[in-house]
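Engineer:
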Amino acid sequence: MSDLVADMALDLPPIGFGTLDITDVDLLTAGIEMGYEYVDTAQFYGNESAVGDAIERADVDRDEFTLATKLWYDSLGYDDVHDAVEGSLDRLGVDTIDLLYVHWPLGDYDPEETLEAYNELVAEGTVSNIGVSNFSPEILDTALEYADPTVAANQIELHPLLQQERSREFHRERGVQTTAYGPLLGGRAEMIPELGGIAEKHDTTESSVALAWAQQLDGVMPIAGAETESHLRENLDSLDLELDDEDVETIDTLGREIKAYGSNGVSIDPGVDRL
Numbered sequence: 061m062s063d064l065v066a067d068m069a070l071d072l073p074p075i076g077f078g079t080l081d082i083t084d085v086d087l088l089t090a091g092i093e094m095g096y097e098y099v100d101t102a103q104f105y106g107n108e109s110a111v112g113d114a115i116e117r118a119d120v121d122r123d124e125f126t127l128a129t130k131l132w133y134d135s136l137g138y139d140d141v142h143d144a145v146e147g148s149l150d151r152l153g154v155d156t157i158d159l160l161y162v163h164w165p166l167g168d169y170d171p172e173e174t175l176e177a178y179n180e181l182v183a184e185g186t187v188s189n190i191g192v193s194n195f196s197p198e199i200l201d202t203a204l205e206y207a208d209p210t211v212a213a214n215q216i217e218l219h220p221l222l223q224q225e226r227s228r229e230f231h232r233e234r235g236v237q238t239t240a241y242g243p244l245l246g247g248r249a250e251m252i253p254e255l256g257g258i259a260e261k262h263d264t265t266e267s268s269v270a271l272a273w274a275q276q277l278d279g280v281m282p283i284a285g286a287e288t289e290s291h292l293r294e295n296l297d298s299l300d301l302e303l304d305d306e307d308v309e310t311i312d313t314l315g316r317e318i319k320a321y322g323s324n325g326v327s328i329d330p331g332v333d334r335l
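So this is what it looks like as structure tokens:
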């Protein structure tokens, strides 16, 4: 790995709350009140209103967590960006989005036009930081030319079977945070025998092991979803799990370029398989 390390543009907590497929306001509220300091939603998830209701209901000051959402690829034209963000602000019930991602570099995405609109939103204070998602190093490199002041984070699928070394190194060199979706392999961490062995050793779960591994990676914040409040607590418990060098080395050998989620291949190298 290169010795060049850029300062990160955005400080993020060690774990994030991913809200994909969650519309239960009680569960969303519980996550915020449990102490998750990053809440991740998206226009495509169809739950921004539920997240907004949870933000209003939670007994937590708005400035105590980072709120992130994403614009879908049919909302990335210059005028569409402004209109889509107004819709997100209204549904979320907030005045500012802390981190606004480009969800995919597809469809209406044009680096110059799209990021001009994002830059304007940052300048006016509607958005605090620009993010992208599912960007390869090459596509991200172009985005960095147009983003002002910078791209703060790239959200990519990352877990023990898809370790994204090339993207992580590029992010590290350019000061871009890696926010990792799918760190629990789509709920299938228990399928990996090596994770099971480490979990038994530490009297914990395979999911906690997968999260702890991601948390110890430089510049990486895993984003974990949950179906119940107990899952929310289990994810947070991973913060107390200390993997030893042998554990980390074992997990590091698991990289197989295998995805847990569908993809059009934009964000990853050729030859990636599916779980």
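The opening position of the sequence shown corresponds to residue 61 in our numbering, with each subsequent residue numbered one higher.
Note that the Cβ used here is the ideal one computed from N, Cα and C, for glycine as well.
(1) Within 10 Å of its beta-carbon, does N324 have 16 or more other beta-carbons around it, so buried, or fewer, so exposed?
(2) Check whether the region 109-127 touches the region 145-163, counting contact only when three or more Cβ pairs, one atom from each stretch, lie closer than 8 Å.
(3) Less than 7 Å between C-beta atoms, sequence neighbours within five positions excluded: which residues of the same chain meet that for D100?
(4) Are E108 and L152 closer than 7 Å when you measure CB to CB?
(5) Pick helix, strand or coil for N107, following the three-state DSSP scheme.
(6) Considering V182, what are the terminal residues of the alpha helix (DSSP H) in which it resides?
(7) Just verifying my parser: in three-state terms, what is the DSSP assignment at G95?
(8) Could you tell me which residues DSSP pairs with M68 in its beta bridges?
(9) Are L221 and L296 closer than 7 Å when you measure CB to CB?
(10) Can you tell me which of V187, N189, E173 puts its alpha carbon nearest to the alpha carbon of T202?
(11) State the DSSP-derived secondary structure class of V162, mapped to helix, strand or coil.
(12) Is the Cβ-Cβ distance between D134 and D168 less than 7 Å?
(13) Counting pairs of beta carbons, one from the region 208-222 and one from the region 179-198, are three or more of them closer than 8 Å?
(14) Look up L127 in the DSSP assignment and say whether it is helix, strand or coil.
(15) According to DSSP, is A203 helix, strand or coil?
(16) Express the C-alpha separation of I311 and M251 in angstroms, rounding to a whole number.
(17) Going by C-alpha to C-alpha distance, which of A270, S267, L245, L292 sits closest to Y321?
Structural biologist: Taking the structure as given:
(1) The residue labelled residue 324 in the question sits at position 264 within the sequence shown. Only weak support is given to the placement of N324: the predicted model assigns it a pLDDT of 46, under 50, and the value that follows is read from those uncertain coordinates. Its Cβ having fewer than 16 others within 10 Å, N324 is exposed.
(2) yes
(3) Your numbering for residue 100 matches position 40 in the sequence shown. So the qualifying residues of the chain are G76, F77, G78, T79, A128, I283.
(4) Counted from its first residue, the sequence shown places residue 108 at position 48. Counted from its first residue, the sequence shown places residue 152 at position 92. The answer is yes: Cβ separation under 7 Å.
(5) Stepping through the sequence shown from its first residue, residue 107 is reached at position 47. The answer is coil: DSSP assigns N107 none of H, G, I, E or B.
(6) Residue mapping note: residue 182 aligns to position 122 of the sequence shown, counting from 1. Residues 171-184.
(7) By 1-based counting over the sequence shown, the position of residue 95 is 35. The answer is coil: DSSP assigns G95 none of H, G, I, E or B.
(8) Within the sequence shown, residue 68 is the residue found at index 8, counting from 1. BP columns for M68 are empty, so no partner.
(9) If you number the sequence shown from 1, residue 221 lands on position 161. If you number the sequence shown from 1, residue 296 lands on position 236. Taking 7 Å as the Cβ cut-off, L221 and L296 do not qualify as a contacting pair.
(10) On the sequence shown, residue 202 is found 142 positions in, with the first residue counted as 1. It is E173 whose Cα lies nearest to the Cα of T202.
(11) Reading the sequence shown from its first residue, position 102 is the one you call residue 162. Strand at V162.
(12) The residue labelled residue 134 in the question sits at position 74 within the sequence shown. The residue labelled residue 168 in the question sits at position 108 within the sequence shown. In contact: D134 and D168 (Cβ atoms closer than 7 Å).
(13) yes
(14) Counted from its first residue, the sequence shown places residue 127 at position 67. The answer is strand: DSSP assigns L127 an E or B state.
(15) In the sequence shown, the residue the question calls residue 203 occupies position 143. A203: helix per DSSP, three-state reduction.
(16) Here residue 251 corresponds to residue number 191 of the sequence shown, with the count starting at 1. Here residue 311 corresponds to residue number 251 of the sequence shown, with the count starting at 1. The alpha-carbon atoms of M251 and I311 are separated by roughly 14 Å.
(17) Within the sequence shown, numbered from 1, the residue matching residue 321 stands at position 261. Among A270, S267, L245, L292, the Cα nearest to that of Y321 belongs to L245.
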